[in-house]
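Note that full-length UniProt numbering has the sequence shown beginning at 1, numbered continuously upward.
Notes to accompany the following structure.
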Amino acid sequence: MYCSESGYSSHVACWKHHTWDELLEYPRTLTQRSKRTYNASSNCLQVWLNERQHDWQATSRNTSSTERFARWTNQNQKTSAYQIPSESDHDLKLDVVSNEHEGNSEQGVSQDGTLNITPSGQHPRRVLCLMSDTGGGHRASAQALKDCFELIHGNDFVVHIVDLWSSCSPWPFNKMPEGYFFLVKNPWLWRLNFRCSEPRFIHEVMFKGYSAIVANHFAREFDKIDPNLIVSVHPLMQHVPLTILRRMKNHSAVPTVPFATVVTDLTRCHATWFHKDVDKCFVATDLVAKQAFRLGLRLEQVVCHGLPIRPSFSAPSRSKRDVRAKLGLDVEAPTVMLVGGGEGMGKLKETAVALSQTLSSSHQVVVICGRNAKLNEFLREQSWPLKMVVKGFVNNMAEYMAACDCVISKAGPGTIAEALICGVPIVLNGCIPCQEEGNIPFVIDNQVGAYSEIPQTIAQTVAGWLAPENATQLSMMSSRARALGRPDATFDIVRDLVEMIETRKN
1 MYCSESGYSS HVACWKHHTW DELLEYPRTL TQRSKRTYNA SSNCLQVWLN ERQHDWQATS
61 RNTSSTERFA RWTNQNQKTS AYQIPSESDH DLKLDVVSNE HEGNSEQGVS QDGTLNITPS
121 GQHPRRVLCL MSDTGGGHRA SAQALKDCFE LIHGNDFVVH IVDLWSSCSP WPFNKMPEGY
181 FFLVKNPWLW RLNFRCSEPR FIHEVMFKGY SAIVANHFAR EFDKIDPNLI VSVHPLMQHV
241 PLTILRRMKN HSAVPTVPFA TVVTDLTRCH ATWFHKDVDK CFVATDLVAK QAFRLGLRLE
301 QVVCHGLPIR PSFSAPSRSK RDVRAKLGLD VEAPTVMLVG GGEGMGKLKE TAVALSQTLS
361 SSHQVVVICG RNAKLNEFLR EQSWPLKMVV KGFVNNMAEY MAACDCVISK AGPGTIAEAL
421 ICGVPIVLNG CIPCQEEGNI PFVIDNQVGA YSEIPQTIAQ TVAGWLAPEN ATQLSMMSSR
481 ARALGRPDAT FDIVRDLVEM IETRKN
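Right under this line is the structure:
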């Protein structure tokens with residue numbers, strides 16, 4: 001059932017030929033919901049509690065999950081206080097509470113249930129988050145961290161998300177995102193690029209040359225933001241900024257700024273993710289932690305919390321009927337979601353057609369096309385035998401994920417992590433060579449999904465899951481997925497990032 005395609009074993013054989021030994025020794029220890037940190041000597045939570053100076057325990061540890069995770073529904077408006085919804089409030093909307101005396105505001109929970117997180121009169125601390133739009137996952141992780149900073153700390157922190165390649169690089173380096181999509185469409189080129197750039201003696205020489213080219217641009221960006229903390233969510237954003245910062249420190253009075261890496265892969269990572277000079281390296285799984293150790297990071301540098309996902313995924317779960325009603329979906333129909341990432345990549349059209357031919361008219365399919373306007377238009381123009389809901393790029397993915405019974409997606413780490421948090425079984429229909437290949441056995445070995453690249457096989461697998469006689473099995477898969485999910489990961493990472501700033505300041 002979980003390995004729905006007979007050709008899966010041959011695909012694994014291909015991995016054995018092309019991938020590294022650690023991928024072949026895939027550990028089952030990933031099934032354990034371990035939130036172990038590798039710096040056991042520090043009590044990060046206590047430091048954070050002291051810094052916040054308000055009774056956070058009253059609103060997080062001794063209250064419901066509804067009160068802990070206010071719904072993040074307004075991404076563009078800077079808010080300074082949020083109304084905590086009651087347990088029965090299914091809308092979970094944020095109410096902005098104005099602060100007339102901002103400089104003298106108190107941190108805490110007022111009698112009307114408002115969690116006040118306004119600044120305490122001091123200048124906001126600045127976080128420089130480095131990423132690149134080579135795939136949607138890196139920006140999504142950066143935005144998740146930014147949203148979490150704003151949700152917990154309000155205006156006490158300002159997070160600047162900077163694409164170092166596009167904003168600080170001359171041609172042709174500023175065309176890196178376009179080059180990424182070209183490589184992804186040609187998997188053999190991607191694999192060749194991945195393997196050839198991984199040896200340290202090769203990528204370090206490349207980064208030294210690139211550092212010389214962009215040093216002045218990055219220095220100006222650094223001076224403009226004057227960050228208290230630098231966070232990288234991209235494998236190519238460690239070596240260059242650390243090299244430039246080291247040179248700046250040697251030639252001027254630049255203060256030492258803590259530097260953290262947040263790895264956004266689940267199983268197999270490129271070697272450039274790991275730099276020995278970072279203060280902290282946050283990883284999603286034990287497998288990635290082991291790779292970090294093999295590549296020279298120390299025990300106290302590596303922390304395992306999970307993948308950073310937007311805070312909206314940590315909101316308390318609601319019934320599928322309620323979420324479907326809010327989204328205008330059929331509340332009774334078994335629901336399948338088909339996604340292709342932010343760019344709407346993969347065989348979305350072929351899979352949508354196969355689903356319409358296999359599922360009955362009592363089912364409904366939600367297709368998230370992302371920024372693929374051509375696909376969006378094509379699907380909307382078709383006449384379907386079942387309810388086919390076609391959407392472009394959406395900002396409420398957590399709601400659509402919670403509304404569906406299963407999801408079909410490529411093996412991107414972000415979508416997998418989101419599905420696990422929501423307890424949604426997943427059918428993987430493809431992967432980017434090397435770093436996403438290990439995500440397929442991760443899903444199958446933990447019995448939370450299946451894999452196939454053939455649209456007809458995918459449709460048959462989904463139809464089997466949604467059959468009434470298989471309801472118990474689908475429920476068990478959902479429970480296993482939810483057990484693997486780490487809804488607190490983003491909050492834990494932000495907590496430790498704040499502790500890094502406070503430790504360096506003191």
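Beta carbons: idealized from backbone N, C-alpha and C, even for Gly.
I'd like to check one pair, residue j with residue i: are the Cβ atoms closer than 8 Å?
i    : j    : result
V448 : P425 : yes
C129 : I161 : yes
S141 : V262 : yes
P227 : V367 : no
M500 : A260 : yes
F207 : C434 : no
T461 : V427 : yes
K347 : P455 : yes
D405 : T335 : yes
A403 : L329 : yes
I421 : I309 : yes
A398 : S479 : no
F274 : H305 : no
Within the same chain, show all residues whose beta-carbon is closer than 6 Å to that of residue i, passing over the 5 residues directly before and after it, in chain order.
i    : result
H234 : M131, S132 and H138
K146 : V159
V339 : I368 and S409
G392 : C369 and N376
Buried or exposed for residue i, please, with buried defined as at least 16 other CB atoms from any protein chain shown within 10 angstroms of its CB.
i    : result
P258 : buried
C431 : buried
L299 : exposed
I458 : buried
Q143 : buried
L192 : exposed
L189 : exposed
R380 : exposed
E102 : Confidence is the limiting factor: at E102 the pLDDT is only 35, short of 50, which leaves the residue's position unreliable, though a coordinate-based value still follows. Classification for E102: exposed.
C148 : buried
I202 : exposed
N439 : buried
M476 : exposed
V365 : buried
A471 : exposed
S356 : buried
N372 : buried
P468 : exposed
T256 : exposed
V443 : buried
R324 : buried
So which of the options has the shortest CA-CA distance to residue i?
i    : options                   : result
E437 : I454, P413, E418 and T457 : P413
L245 : S166, A219, T457 and N396 : A219
L386 : L359, G392 and A411       : L359
F182 : C422, L266, P227 and E343 : E343
G485 : L266, Y210, R495 and R195 : L266
R504 : I408, K280, K276 and V367 : K280
I277 : L295, V288 and D286       : In the sequence under discussion, the amino acid at residue 277 is Asp, which differs from the Ile named in the question. Comparing Cα positions, the closest option is L295.
L496 : T351, R200, V231 and V184 : This sequence places Asp at residue 496; Leu is not what is there. It is V231 whose Cα lies nearest to the Cα of D496.
A463 : R371, F442, A481 and A354 : A354
R482 : G341, P316 and P441       : P316
F222 : V184, M345, L287 and L242 : L242
Looking at the secondary structure, which residues open and close the beta strand (DSSP E) in which residue i lies?
i    : result
I426 : I426 to L428
L130 : R125 to M131
V407 : C406 to S409
C281 : K280 to V283
A373 : Taken as a continuous stretch (DSSP letters only), A373 belongs to no beta strand (DSSP E), being part of the alpha helix (DSSP H) at A373 to E381.
K391 : K387 to K391
Along the chain, where does the alpha helix (DSSP H) containing residue i start, and where does it finish?
i    : result
R318 : That residue, R318, is in no alpha helix (DSSP H); it is neither H nor E in DSSP.
F194 : P187 to S197
I161 : Careful: I161 lies outside any alpha helix (DSSP H), inside the beta strand (DSSP E) at F157 to D163.
S478 : A471 to L484
M401 : M397 to A403
G306 : Segment: none, G306 is in no alpha helix (DSSP H) and carries neither H nor E.
S356 : L348 to T358
L299 : Run containing L299: none; DSSP gives neither H nor E here.
Q456 : P455 to L466
G291 : The sequence as given places Gln at residue 291; Gly does not occur at that position. First-last of the alpha helix (DSSP H) with Q291: D286 to R294.
G414 : P413 to C422
Can you list, in chain order, the residues of its chain whose CB lies under 8 Å from that of residue i, leaving out five sequence neighbours each side?
i    : result
L307 : S141, T264, L266, A284, P413, G414, A417, R486 and A489
P199 : A271
F378 : K349
Excluding the 5 residues preceding and the 5 following residue i in the sequence, name in chain order all residues of the same chain whose CB lies nearer than 7 Å to its CB.
i    : result
E453 : N429 and G430
V394 : I368 and Y400
C187 : Before going further, note that residue 187 is Pro rather than Cys in the sequence given. Result list for P187: P433, in chain order.
I225 : R126, L128 and H160
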